[in-house]
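Numbering (the numbering used here), first residue to last: 3 to 256. We put the beta carbon where it would ideally sit given N, CA and C, even for glycine.
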Amino acid sequence: MKKKIIISIVGIVVIVLIAIPFIIKDKNPDVQLITYVAREGEFELTVTASGNIQPVIKVDVGTQVSGIVKRIYADFNSQVKKGDLLAELDKSTLTERARQSRSSLNNAKSDSLFARQNYNRIKTLYDKNAATAASLEDATNRLTSAVNSVANSKADLQQALINLSYADIYSPISGRVLNRAVDEGQTVAASFNTPTLFTIANDLTKMQVEAKVDEADIGRIKIGQYADFTVDTYPGEKFGGTVSQIRLEPVVAS
């Protein structure tokens, strides 16, 4: 009796084990695998940033002397050449300073001539034991002072003439006037900072975009990478260029 029971149990187990693969096979149909050969290729990562379009070469033209704007010869959008006269300051004050400097120089030259003649006279007397060493030393000091005064007066006159020349504002480059910041009759003060009178772009066909890139994306930007941009003036149109510079100074934006 015990032997039959064992055989029946074993038979049931065998049947179950044999049936399992068929049950699993029915529930999980064959899966078809599609494979490809790995190869090199390009993929695109997009970094979005906004910025301003600026001319590649743009120059702010200022003045190195203070004065009243007497005449303006260039306006917005004017095409100018290098060396063209853009504006003129009133020269009356600068001319008077130059005149005073020239007069001071002439006086210094006269004093120097007198001091030299006096020195020569005292030196001759000293050589003949007819003048004291103290008088010769005094004449020498007077001559030295007069010579220095002439040198200083020459420097003052030269600076006055330079300042007078600064009253004429010339264009340092050829290009187009983007901005005019002064009007005739306006007073400009050149103290610590040179006031800007004009902004001139060299070539408006060569432009650059100065964009602020988020710190999370800046690590993916490399010099030489291609970049395209759009402008509101031409909706739907893209312009292309390459990254030419990555500036190291961070900009904190609130």
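Open item on the list: I need the boundaries of the alpha helix (DSSP H) containing tyrosine 128, first residue and last residue.
Closed with: Counting from 1 along the sequence shown, the entry for residue 128 is found at position 126. For tyrosine 128, the uninterrupted alpha helix (DSSP H) segment begins and ends at 94-129.
TODO: Specify, as a first and last residue, the run of the beta strand (DSSP E) that lysine 60 falls within.
DONE: What you label residue 60 is simply residue 58 of the sequence shown in a count that begins at 1. First-last of the beta strand (DSSP E) with lysine 60: 60-64.
Task: asparagine 54, DSSP secondary structure in three states - done: One-based indexing of the sequence shown puts residue 54 at position 52. In this structure, asparagine 54 counts as strand in the three-state DSSP scheme.
- [ ] For tyrosine 38, count neighbouring Cβ atoms within 10 angstroms of its own Cβ and tell me buried if that reaches 16, exposed if not.
- [x] Position 36 of the sequence shown, counting from 1, holds the residue named residue 38. When all chains shown are included, tyrosine 38 counts as exposed.
TODO: For glutamate 90, name the three-state secondary structure that DSSP assigns.
DONE: Within the sequence shown, residue 90 is the residue found at index 88, counting from 1. DSSP places glutamate 90 in the strand class (E or B) of the three-state scheme.
Open item on the list: Closer than 6 Å to a non-hydrogen atom of the ligand NAP - does that hold for the CB of tyrosine 38?
Closed with: For the ligand NAP, the structure offers nothing, since it holds no ligand at all.
TODO: May I ask you to report which of helix, strand or coil DSSP gives aspartate 219?
DONE: For the purposes of this step, residue 219 is taken as residue 217 along the sequence shown, with counting starting at 1. Three-state result, aspartate 219: coil.
Task: Alpha-carbon to alpha-carbon, alanine 100 and arginine 118 - done: Residue 118 sits at position 116 when you count from the first residue of the sequence shown. Residue 100 sits at position 98 when you count from the first residue of the sequence shown. In this structure, the CA atom of arginine 118 is about 27 Å from the CA atom of alanine 100.
TODO: Tell me where the beta strand (DSSP E) around threonine 142 begins and ends.
DONE: As a position in the sequence shown, residue 142 is number 140, starting the count at 1. Counting along the chain, threonine 142 sits inside no beta strand (DSSP E); it lies in the alpha helix (DSSP H) bounded by residues 135-167.
Task: Assigned secondary structure, lysine 4 (DSSP; H/G/I helix, E/B strand, else coil) - done: Stepping through the sequence shown from its first residue, residue 4 is reached at position 2. In this predicted model, lysine 4 has a pLDDT of only 46, less than 50, meaning its place in the structure is not dependable; the value taken from the coordinates is given anyway. It is helical.
- [ ] Return the residue from the list Pro197, Gly85 and Gly69 that minimises the CA-CA distance to tyrosine 75.
- [x] Here residue 75 refers to the residue found at position 73 of the sequence shown. Per the Cα distances, Gly85.
Open item on the list: Among the candidates Ser246, Asp230 and Asn122, whose CA atom is the shortest distance from the CA of glutamate 239?
Closed with: Walking along the sequence shown from the start, residue 239 turns up at place 237. Selected option, being the one with the closest Cα: Asp230.
TODO: Measure from the alpha carbon of isoleucine 49 to the alpha carbon of each residue in Val233, Ala213 and Ala157, then state which is nearest.
DONE: Position 47 of the sequence shown holds residue 49. Strictly speaking, residue 49 in this sequence is valine, with isoleucine absent from that position. It is Ala213 whose Cα lies nearest to the Cα of valine 49.
Task: Whether aspartate 77 touches arginine 182 by CB criterion (7 Å) - done: Mapped onto the sequence shown, residue 77 falls at position 75. Mapped onto the sequence shown, residue 182 falls at position 180. Between aspartate 77 and arginine 182, the C-beta spacing is below 7 Å.
Task: For glycine 221, the nearest candidate out of Asn54, Ala110, Asn120 and Ile248 (CA to CA) - done: Against the sequence shown, residue 221 aligns to sequence position 219. Nearest C-alpha to glycine 221: Ile248.
Open item on the list: Just verifying my parser: in three-state terms, what is the DSSP assignment at glutamine 81?
Closed with: As a position in the sequence shown, residue 81 is number 79, starting the count at 1. In the three-state reduction of the DSSP assignment, glutamine 81 falls in the strand class, which pools E and B.
TODO: My understanding is that leucine 166 touches lysine 93, with C-beta atoms under 8 Å, so please give their C-beta distance in whole angstroms.
DONE: The sequence position of residue 166 within the sequence shown is 164, counting from 1. The sequence position of residue 93 within the sequence shown is 91, counting from 1. 6 Å between Cβ atoms; contact.
Open item on the list: Buried or exposed for proline 57, going by 16 or more other Cβ atoms inside 10 Å?
Closed with: By 1-based counting over the sequence shown, the position of residue 57 is 55. Residue burial annotation: proline 57 is buried, with at least 16 other C-beta atoms found within 10 angstroms of its C-beta.
Open item on the list: Using only CA atoms, which one of Thr207, Pro252, Asp219 and Lys224 lies nearest to phenylalanine 241?
Closed with: Sequence index remark: in the sequence shown, residue 241 carries index 239 (1-based). Among Thr207, Pro252, Asp219 and Lys224, the Cα nearest to that of phenylalanine 241 belongs to Thr207.
- [ ] Give the DSSP-derived three-state secondary structure of valine 71 in the structure shown.
- [x] Start at 1 with the first residue of the sequence shown, and residue 71 comes out as number 69. DSSP places valine 71 in strand when its eight states are reduced to three.
Task: Short Cβ contact (7 Å threshold) for alanine 148 with aspartate 113 - done: On the sequence shown, residue 148 is found 146 positions in, with the first residue counted as 1. On the sequence shown, residue 113 is found 111 positions in, with the first residue counted as 1. With respect to aspartate 113, alanine 148 sits close: the two C-beta atoms are nearer than 7 Å.
Task: Residues bridged to phenylalanine 194 (per DSSP) - done: Taking the first residue of the sequence shown as 1, we reach residue 194 at position 192. DSSP output for phenylalanine 194 lists no bridge partner at all.
Task: 7 Å CB neighbourhood of tyrosine 228 in its chain, flanking five on each side removed - done: Locating residue 228 in the sequence shown gives position 226, where the first residue counts as 1. Cβ neighbours of tyrosine 228 beyond the five flanking positions: Gly242 and Thr244.
Task: Inter-residue Cα distance where the pair is alanine 51 and threonine 232 - done: Within the sequence shown, the letter at position 49 stands for residue 51. Within the sequence shown, the letter at position 230 stands for residue 232. Approximately 11 Å between the Cα atoms of the pair.
Open item on the list: Quick check on the DSSP output: the beta strand (DSSP E) that includes asparagine 181 runs from which residue to which?
Closed with: Working through the sequence shown from its first residue, we reach residue 181 at position 179. Asparagine 181: member of the beta strand (DSSP E) spanning 177-182, first to last residue.
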